[in-house]
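J.: For the sequence shown, our numbering gives the first residue as 10, with consecutive numbering after it. Cβ coordinates follow ideal geometry from the N, Cα and C atoms, glycine included.
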Amino acid sequence: MNTEKVGFIGLGNMGHPMAKNLEKAGFPLIVYNRNSSKIEDFKIKSKVASNVKELVKESDIIFTMLTNDEAVKDVFMQILEVNIADKLFIDMSTISPEESTKIADAVKIKEASFLDAPVAGSTKPAEEGTLIFMVGGEDKDVEKATPYLEKLGKEIKHLGKNGKGLAAKLSVNYFISALYQGLAETILLSDKLGINRKDMLEIINESASGSGATKVKTPLLIEDDYKPAFSLDLMLKDILLAKNAGADLPLSHTLLETYQSAQNDGFGKDDVIGIINYLKKNRGQN
10 MNTEKVGFIG LGNMGHPMAK NLEKAGFPLI VYNRNSSKIE DFKIKSKVAS NVKELVKESD
70 IIFTMLTNDE AVKDVFMQIL EVNIADKLFI DMSTISPEES TKIADAVKIK EASFLDAPVA
130 GSTKPAEEGT LIFMVGGEDK DVEKATPYLE KLGKEIKHLG KNGKGLAAKL SVNYFISALY
190 QGLAETILLS DKLGINRKDM LEIINESASG SGATKVKTPL LIEDDYKPAF SLDLMLKDIL
250 LAKNAGADLP LSHTLLETYQ SAQNDGFGKD DVIGIINYLK KNRGQN
């Protein structure tokens, strides 16, 4: 068993089950979350830090799972105020590759190490420990992180230097955003043509057009209940990141227009597949 002390910052929809998997694996764990209600069930087996600096001082390997560039920058501004020499930081947030590499450089100046390690997979794979990690950073740091990442995911893809993990993540989410808009439009068409939604989704999922992405959203579409596993707001953020990273492509303009309009219309807090309700409301579907 590795004896390094593990810190985990960010216990949201993804971070909470991931930190739980590290706890279940028996690693010495200390957690911090800005919203204290997320930490109650860690108090029995793990330590709860009162702030970011306390967590970093007491940890050797620190995971961060935060919502956006601003949140990551805020946390690392605090981190960089303390002695971090020889510590390893593993940021699993989806942020811009440019911002991530700036943070990596700042961490290295202080004689610590940094990996960008965003994930493919949503809340269920996070709970099951079957995420896929896309990692950017140095070989030695990936090797050090591997025993921990193996408790959180089923595959670790080391893609090159800092920033490359995020480059892959933005590419994946660009594809997923198109897939979910396409799935929503397909279901609205089949609804209009009088096909039972459950039947239609079975056809999709059991044919070449099906995938893990379509299957995981099937229950939400059948139940017409869009409690967020991954919110539309977050998908819009990732589409914008992809566009800023170079996705000036025919589909990117359509996707950005649709998701931005859906957010403006009040659907941002729904699950991403809740885009169907925006399309239904605004495209004349009955």
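1) Please classify His-262 as buried or exposed, where buried requires at least 16 other C-beta atoms within 10 Å of its C-beta.
2) Output needed for Asn-295: all residues of its chain with C-beta closer than 7 Å, excluding positions within five of it in sequence on either side, in chain order.
3) Please state whether DSSP places Glu-136 in a helix, a strand or coil.
4) On the CB-based measure, 16 or more other CB atoms within 10 Å of its CB, does Ala-121 come out buried or exposed?
5) Is DSSP giving Gln-294 helix, strand or coil here?
6) For the region 121-136 against the region 94-110, are there 3 or more C-beta pairs whose distance is under 8 Å?
7) Whose C-alpha, out of Ile-248, Glu-152, Leu-210, Ser-131, is nearest the C-alpha of Ser-180?
8) Nearest to Thr-223 by alpha carbon, out of Phe-276, Val-65, Gly-191?
9) Contact between the region 194-204 and the region 271-281 is defined here as three or more beta-carbon pairs at a separation below 8 Å; is this criterion met?
10) When the Cα atoms are used, what is the spatial distance from Lys-96 to Ala-254?
11) Report back the beta-carbon spacing between Ile-165 and Val-144 to the nearest angstrom; my notes put them in contact at under 8 Å.
12) Which one or two residues does DSSP pair with Tyr-268 in a beta bridge?
13) For Glu-108, is the classification buried or exposed, using 16 other Cβ atoms within 10 angstroms of its Cβ as the cut-off for buried?
14) Residues in its own chain within less than 6 Å of Lys-56 by CB, not counting five upstream and five downstream?
15) For the region 187-261, which segments carrying the alpha helix (DSSP H) assignment without a break, of at least 4 residues, lie completely within its bounds, in sequence order?
16) Is the beta carbon of Gly-19 less than 7 Å from the beta carbon of Met-86?
17) Can you give the Cα-Cα distance for Ile-70 and Gly-16, rounded to whole angstroms?
18) Tell me whether the beta-carbon of Leu-161 lies closer than 7 Å to the beta-carbon of Leu-140.
19) If I'm right that Ile-284 touches Ala-193 with Cβ under 8 Å, what's the distance once you round it to whole angstroms?
20) Within its chain, find whatever has a CB closer than 6 Å to the CB of Asn-182; leave out the 5 residues flanking it on each side and keep chain order.
21) Output the distance between the C-alpha atoms of Gly-24 and Ser-186, rounded to the nearest integer angstrom.
22) In three-state terms, what does DSSP make of Thr-12?
23) Do Asn-22 and Gly-138 count as a contact pair if the criterion is CB distance below 7 Å?
24) Indicate whether Asp-242 and Gly-277 have their beta-carbon atoms separated by less than 7 Å.
25) Lys-14 and Ser-59: beta carbons closer than 7 Å?
26) Beta carbon of Glu-91, beta carbon of Lys-52: below 7 Å?
T.: By the coordinates alone:
1) Taking all protein chains in view, the Cβ of His-262 is surrounded by fewer than 16 other Cβ atoms within 10 Å, so the residue is classified as exposed.
2) Any reading at Asn-295 needs caution, since the residue's pLDDT is 46, under 50, leaving its predicted position unreliable; the model's value is listed next. Setting aside the 5 residues that flank it on each side, Asn-295 has no residue in the same chain whose C-beta is closer than 7 Å to its C-beta.
3) Three-state DSSP puts Glu-136 in a helix.
4) So Ala-121 counts as buried.
5) Residue placement at Gln-294 is flagged as unreliable, the pLDDT there being 49, under the threshold of 50; a coordinate-derived value is accordingly withheld.
6) Using a Cβ-Cβ distance cut-off of 8 Å, the region 121-136 and the region 94-110 are in contact, since at least three pairs of beta carbons, one from each stretch, lie closer than that value.
7) Nearest option by C-alpha distance: Ile-248.
8) Distances from the alpha-carbon of Thr-223 to those of Phe-276, Val-65, Gly-191 put Gly-191 closest.
9) The answer is no - the region 271-281 does not touch the region 194-204, with fewer than three Cβ pairs under 8 Å.
10) Approximately 29 Å, taken between the alpha carbons.
11) Rounded, the Cβ-Cβ distance is 6 Å, consistent with contact.
12) Answer is none; Tyr-268 lacks a bridge partner.
13) Classification for Glu-108: buried.
14) Ile-39.
15) With a minimum length of 4 residues, the continuous alpha helix (DSSP H) runs that stay inside the region 187-261 are 206-215, 221-232, 241-254.
16) Remark: C-beta atoms of Gly-19 and Met-86 do not approach each other more closely than 7 Å.
17) Gly-16 has its alpha-carbon roughly 6 Å from the corresponding atom of Ile-70.
18) Taking 7 Å as the Cβ cut-off, Leu-161 and Leu-140 qualify as a contacting pair.
19) That pair is a contact at about 5 Å.
20) Correct list, in chain order: Asp-247.
21) Near 22 Å, if we compare the C-alpha coordinates of Ser-186 and Gly-24.
22) Coil, per DSSP.
23) Cβ distance not < 7 Å, so Gly-138 and Asn-22 don't count as in contact.
24) Between Asp-242 and Gly-277, the C-beta spacing is below 7 Å.
25) No, the Cβ-Cβ distance between Lys-14 and Ser-59 is not below 7 Å.
26) Correcting the residue identity first, residue 91 is Val in this sequence and not Glu. No, the pair does not count as a contact, with Cβ atoms beyond the cut-off.
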